[in-house]
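Only one structure is covered here, and it is reproduced in the block below.
Number of protein chains: 2
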Amino acid sequence: MTNWEELLAVSRADAPADTLLSGGRLVNVFTGEIESVDIALHAGRIAGIGSGYDAVERVDLNGAYVAPGLIDAHVHIESSMCLPAQFASAVVPRGVTTAVTDPHEFANVAGPDAVRFMAAAAQGLPLNVVVMGPSCVPATPMATTGGAVGVEDLAALRDERIIHGLAEAMDYPSVIGNAAGARAKLDALAGRPIDGHCPGVTGPALSAYIAAGVGSDHEAVTVEEAREKLARGMVLLIREATNARNLDALLGAVTPSNSRRVCFCTDDRTPVDLLEEGSIDGMVRRAIERGVQPIEAIRMGTLNTSEWLGLNGVGAVAPGRRADLWVFDDLDRPEARVVYAQGREVAVDGRLCVDLPSRAMRPPRSGCAVDAASLELAIPARGTSVRVIGTVADQLVTEHLHLPAKVEDGYAVADPGRDVLKMVVAERHRRTGNVGVGFVRGFGMSGGAIAGTVAHDHHNLIAVGVDDASIRAAIDSVVEMGGGLACVNGSKVLASLAMPIGGLMSNRPIVEVATSYRALVGAARELGSSLADPFMAMSFMGLEVIPKLKLTDQGLVDVERFERVPLFVDAA
Amino acid sequence: MTNWEELLAVSRADAPADTLLSGGRLVNVFTGEIESVDIALHAGRIAGIGSGYDAVERVDLNGAYVAPGLIDAHVHIESSMCLPAQFASAVVPRGVTTAVTDPHEFANVAGPDAVRFMAAAAQGLPLNVVVMGPSCVPATPMATTGGAVGVEDLAALRDERIIHGLAEAMDYPSVIGNAAGARAKLDALAGRPIDGHCPGVTGPALSAYIAAGVGSDHEAVTVEEAREKLARGMVLLIREATNARNLDALLGAVTPSNSRRVCFCTDDRTPVDLLEEGSIDGMVRRAIERGVQPIEAIRMGTLNTSEWLGLNGVGAVAPGRRADLWVFDDLDRPEARVVYAQGREVAVDGRLCVDLPSRAMRPPRSGCAVDAASLELAIPARGTSVRVIGTVADQLVTEHLHLPAKVEDGYAVADPGRDVLKMVVAERHRRTGNVGVGFVRGFGMSGGAIAGTVAHDHHNLIAVGVDDASIRAAIDSVVEMGGGLACVNGSKVLASLAMPIGGLMSNRPIVEVATSYRALVGAARELGSSLADPFMAMSFMGLEVIPKLKLTDQGLVDVERFERVPLFVDAA
C-alpha cells in the first residue's frame, strides 16, 4: 500500500526524500531529450524531478546518464535454466528491472501451479516480474505433457491477480479460424494485452489474427514481414534470442515514425548468453551501433513496452513510478554502472550488491519417470528407406528427409558416417511408457550421446546418440539427477547439469549453471558435434508445431500435414 | 456482442464484407505513412486491410484519403447547449467520431443521474461517446449546486460501466495536498485514465500532482508550461475552446520526439463555433497550417488519444477496431467529404445522412425556482467604495477592483457611464432563496440586462444589467422558459433561448440553437456590449475557482484568499 501522505509530502518538497540523485543527465523518454535534473527517490518510488529537493542521502551522479530501468517485453525465464532469482542476478546488473515472462515451459510440466510457483518465486526480487498467462499448454495433442492450462485455469490465474495478460497466442491457426478453445482464452483476458506469435502470417490471415484481439508479435524475421505487421497495427517485439536473432534484420523496418510501436525482447536465452552478452541492454547497444539514435533505442526498451502492456508504473522516470533506474557513462554505448530497483542501489559494476531472498519454496511436483533399461530403442527394419529429421543451422525448422536405412542384423541403426544419429523421446511426466524413436541428421557426433529434459514444449526426455548403450546411459544420468542435461560416451558421463525443478531449472547460481552448460557443449563437441549448441538444437527437435519433421513421445510428426507419419517410408 | 465467427470469416477473406472501400489512400497512423490499400468493413468493424477482399457493396474512393475518425480528448457536451444527438450532428460530419466527455455541467445541476442521462442520451448515435466521471462536483462549498458527485457515486458509475476514467481533477490543491476526498476519488478510478487540470502548476507541486496519479493536463497556456508538463510525463491535451484558445501557442512545444504524447481537445465550444469552425478537424487543419506534418496532426487527433485513454477500439484503422473513418481529398487541408461510423456512411459533404435516434428521454429533475419579484436586488449603501469584478478580454480570470460606489437615494446602483453594471446570482436548484448581488465592469451595456442559467460550475441563475427592472424581466424570461438565456430591455424581451434540460441544454436542433444564440449576442451588442460574447463572459463571472474576484449565490468570493468578502470595501 502506498503511503500517499508521505510520498506526496516528499513530492511537494515538504519532507526530505530517501535519496536524491543529483547532477545526472536524465534520458527523458517522454521528450526524447537529455535533461539535467535532480531525481528524488522515496519509499521505492520516484517522488519528484527537478530542483528544490532535499534528501537523507544525496548521490552525486557527476554528469552520468540515468535512464528508466529496461523492460524485457517477452522472456521465458526457464530458458536461463535458473530460478527467477538467479535470472534476476544476471539481468538486473545490466539495467533490466522488469521482465515480462511467460512461464509456459514449466506450465507444460506442471500446469497452472507452475505459473503460480514462478510468480511466487519472483516475489521480493530486485526484478519486477510481470507474468503473462500461457495460452498454448499443451501446444498440441500430438505430444504428452505433464500439465495443461485451460481457459478455467487462465480465469483463475487472472482472478488471483497472478497474470497480467495472455502470452503469445502460438496456436495462430486456431485464433484465425476462431476455434472455440482459442476464442475462450482470448475472451478470458479481453481488455488486457494479448501477445501474439504468428511467424510468416500475412494478408487476410494476419487481419483475422489481429481482428481476433492479438496486439503484438515477436516472430517476424524479415523487414517486409515486420513492416506489414506494424502497418496493420501490431506492436513489433524485436527478438534477439540465443537461437533466433532478429535484431539486425528487423532494425531495417524501424523508422522515426513507427518506432514508438517497437519493443525489445529476448524470448529464450541460455545462462551463458545472459552472462556474456546480457539482455535488453545488449539489444540497446547493438541498435545504437546499427545507427538507431540512443534515446530512441532506450525508448524501445522502456516507454514503448510499458505503453504497449499498460505497465504505467515502469518504463519512464516520472513522479509516482517505481524508482527503477540505471546509470551509465556513455550514451553511445550504455553499460550499467549502477542500478536502482525500487529506490535501492541493487547493482554496481555489473554485480548485484543486495542479497537475494533466501527461502525454501517447494516447486510443484514434476516427474522424470523413465526406466532407460526397459525402453524399446531397437528399430526392426520394416523397410529400406527412413524419414530423417534434418537440422538446419541456427533455425528451428527442420528438413523432412527420406534416406536409405542402415540395417544391421535386421535393425535400422545410426549411421554416424553419414551423420545420421538415433533420436529418442521418452515420456517422463505420467509414466505412460510412451517412447518415440527415429533418426536425425546434423548433430555430427561420431560416438556417445546427449540427453536432457528440456524439449520444447512438452519437455519429455529427449536424447540423440550414436549407440543405444550411450543413449541409455545418458538417459540414466538425467533420470538420476531428477532432470537435467547429460553428455556420455558409452557408460562414461562426460558432463552433466542437474535441473531438478521441473527438469528445466537448476537451483544453483547462474554462474555455476553457465559453467556446467559450457562443459556440456564442450563435451558434445569432443564427441564430434559441429553444432554451435547441440543441446539447444536437440531441445527443438521434438517441437511438433515447427515444420517440417519432428519426433515426440508419440512418434514422428509431419508438421506441414499436422499428422503422425511412420518412420519407414516404404513400410511393408 | 461480437459475432466472431462472422467477423473472422470476413477478415480471412472467406466471406464477403459488408462494404469494401477500395482505391483509397490510408493515413496510416501506426507507420506515419500513406498507404494505398483496400479496407473491408463488416458489422460495424474494420474486418481487414489489404487486397483479396470481396464485399456486398464496393465503394471506389478514387484516390481520396481515408483516416481514422477523430477523437475529442476532453469536451463538455453541455457547452454546445444541445443534447448529445445534436452535438453529434455538428461534429460527426466533420470527421469526429469519438468524444470523451465530462458531463460535469449537468452533474452540478442534477448529480450522478445527470451523468447517467448523458450516457444514455449518447446511445445509438453515430458518435462514440466515452464518459469520464466528474471529479469536482460541486467545485467548492462556496456556491450552492443542485447536485453532487461523491466518491460513492463515482464507484457506482464505474461499476455500472458508465464511466471510463476520472475527468479533470480540477481541485489540484486537494490532490497535491493529499486531501482525503480527492484521494478517495483517485483511488476509486485507480488503474484507469485520470485527466488533470492544473493551470500554472510547476516544480514540486507538479511532481506531487503527477505522483498522485494524474496523467494528463489541458490547462497549459505557454510553451514553457507545456514543455515542463510533457517532460514530467503528462500527456498534453492541447485545448482550443471558444473562450480558451491554446493551439497556436502550444504547437511551439511540440517536437517530432514528443508529439506522441500530445492530443487535441475542445473542452467548451458554443454551438456557433461548432457549426462555423468545427471541432478537432479544425484543430488538425490549423496545426497543419502552422507547419505540423499532416499525418502527425491527424495522429494527435486519433492514435495518441486512443493510446492515452486505452481506447483500443478506436483511433486507428486496424482489423477489429470500429469502422469509424473520414474521407477527404486534400491532405494539407483535410475536410471530411464522407464519414463512416461503425461501418455506416453517416455524413456526406458536411451533413448527416442518417436519422438520429428519436426517443423521449426524461432528463433528471432540475429546477429554475427563482421568483424574480421577491429577490432583494437593492443594495443599501453601507460604504463609499465597492469591490467590482473586472472582466479581462478573452480570459476567465478577472480583476479585483475597488471603485467608488455610485449612490442614489441611499442605494448603490449601476453606473453605466463608467461601465459598472449590477450583477446578480440567484440560487435556482434548491429554493434556498440565496441571492448574491454585486458589480461588474467590462460588459459595456448602456441599458437592459442579460440573464441565464449557464453559470459555471454551479449553474445558478446569473444576470448582468443596468437597472433592476431589466434584470428582473430577464430573470423572469429565463424562469418562464424553465432555464435558458435572455436579453431584455426594460420589460421587452429582445432575444431568448430556452434550455429546459438542466437549464443548460436545448432540445432543438443545433442549427436553431446557434441561430438563437447569435440573436442573443446581437441583442446584447445592440444594448451596447462590446464583448465578443457577453453570455459566455457572464457564465464565468460566477466561477469561484478562477481568480481573482467572483460572485456566487452566497456572495462575493476573493478566490486568491479563497474566502467570502463583503461588497463594500469600507463597510461601516
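One line per chain: the protein sequences are A and B, in this order. Using the numbering used here, you'd call the opening residue of the first sequence number 462 and step up by one each time. Using the numbering used here, you'd call the opening residue of the second sequence number 462 and step up by one each time. For every residue, glycine included, the Cβ atom is placed at its ideal position computed from N, Cα and C. Computed from a prediction, not measured in an experiment: that's the story for all the values here.
Look at the region 820 to 859 of chain B and you find these whole runs of beta strand (DSSP E), each 3 residues long or longer: 846 to 852. Selection ARG746(A), SER767(A), TRP769(A) and GLU768(A) evaluated against ALA758(A) yields ARG746(A) as nearest (Cα-Cα). For SER957(B), same chain residues with a beta-carbon under 6 Å away, outside a window of 5 residues either side, are SER938 and ALA947 in chain order. Between GLY511(A) and ASP521(A), the beta carbon gap of about 17 Å keeps them out of contact (Cβ cut-off 8 Å).
Where TYR514(A) is concerned, there is no enclosing alpha helix (DSSP H), because DSSP gives it neither an H nor an E. Identification of chain B residues near GLY664(A) by a Cβ-Cβ cut-off of 7 Å yields GLY511 and GLY513, ordered along the chain. Residues of the region 664 to 694 of chain A with a C-beta less than 7 Å from any C-beta of chain B: GLY664, PRO665, ALA666, SER668, ALA669, ILE671, ALA672, ALA673, GLY674, LEU691, ALA692, ARG693 and GLY694, listed in chain order. In this model, ILE637(B) and ALA687(B) are separated by some 19 Å (Cα to Cα).
In the same chain as LEU857(A), and ignoring 5 residues on each side of it, the C-beta atoms closer than 8 Å to its own belong to ASN704, ALA705, PHE1001, LEU1004 and ILE1007, in chain order. ASP876(A) is bridged by DSSP to VAL881(A). In this structure, GLY951(A) is the residue among HIS917(A), GLY951(A), MET942(A) and VAL940(A) with its C-alpha nearest to the C-alpha of ASP929(A). Linking GLY844(B) to LEU1012(B) through their CA atoms gives a straight-line distance of about 19 Å. Among the residues of chain A, those whose CB is under 8 Å from the CB of LEU468(B) are ALA672, following chain order.
Burial is judged here by how many other beta carbons sit within 10 angstroms of a residue's own beta carbon; SER907(B) has fewer than 16 and is exposed. Secondary structure note for SER483(B): its beta strand (DSSP E) is the uninterrupted segment 478 to 489. Judged by DSSP secondary structure, LYS690(B) falls within the alpha helix (DSSP H) whose first and last residues are 684 to 692. At a cut-off of 8 Å between beta carbons, GLU496(A) contacts chain B. Secondary-structure assignment with DSSP links ALA802(A) through a beta bridge to ARG805(A). One alpha carbon belongs to ARG700(B), the other to ILE741(B), and they sit about 10 Å apart. In the three-state reduction of the DSSP assignment, LEU813(B) falls in the strand class.
Using beta-carbon distances, ALA508(B) counts as an interface residue toward chain A, with a partner under 8 Å. Boundaries of the beta strand (DSSP E) harbouring ARG902(A): 896 to 902, taken from the DSSP string. For LYS867(B), the uninterrupted beta strand (DSSP E) run begins and ends at 867 to 869, by DSSP. With the criterion set as a beta carbon lying under 8 Å from some beta carbon of chain B, the members of the region 694 to 725 of chain A are GLY694, THR716, PRO717, SER718, ASN719, ARG721 and ARG722, in sequence order. By the Cβ rule, the region 1012 to 1027 of chain A does not count as touching the region 466 to 481 of chain B, because fewer than three pairs are nearer than 8 Å. If you draw a straight line from the Cα of GLU750(B) to the Cα of ILE756(B), it is about 13 Å long. Of all residues in the region 480 to 493 of chain B, only ASN489, PHE491, THR492 and GLY493 come within less than 7 Å of chain A when Cβ atoms are compared, listed by chain position. Put simply, the backbone Cα of MET997(A) is about 14 Å away from that of HIS537(A). At least one CB of chain A lies nearer than 8 Å to the CB of ARG473(B). Residues of chain B whose Cβ lies closer than 7 Å to the Cβ of ARG644(A) are, in chain order, TRP465. Per the coordinates, the alpha-carbon of HIS919(B) lies some 41 Å from the alpha-carbon of GLY505(A). Using a CB distance cut-off of 8 Å, ALA779(B) counts as an interface residue toward chain A.
In the displayed model, PRO529(B) falls within a strand according to three-state DSSP. In the DSSP annotation of this structure, the continuous segment of the beta strand (DSSP E) that includes THR1013(A) starts and ends at 1010 to 1013. As for any beta strand (DSSP E) of minimum length 3 sitting wholly inside the region 957 to 1002 of chain B, there is none. The C-beta separation of GLY607(B) from ARG892(B) comes to about 11 Å, leaving the pair out of contact by the 8 Å criterion.
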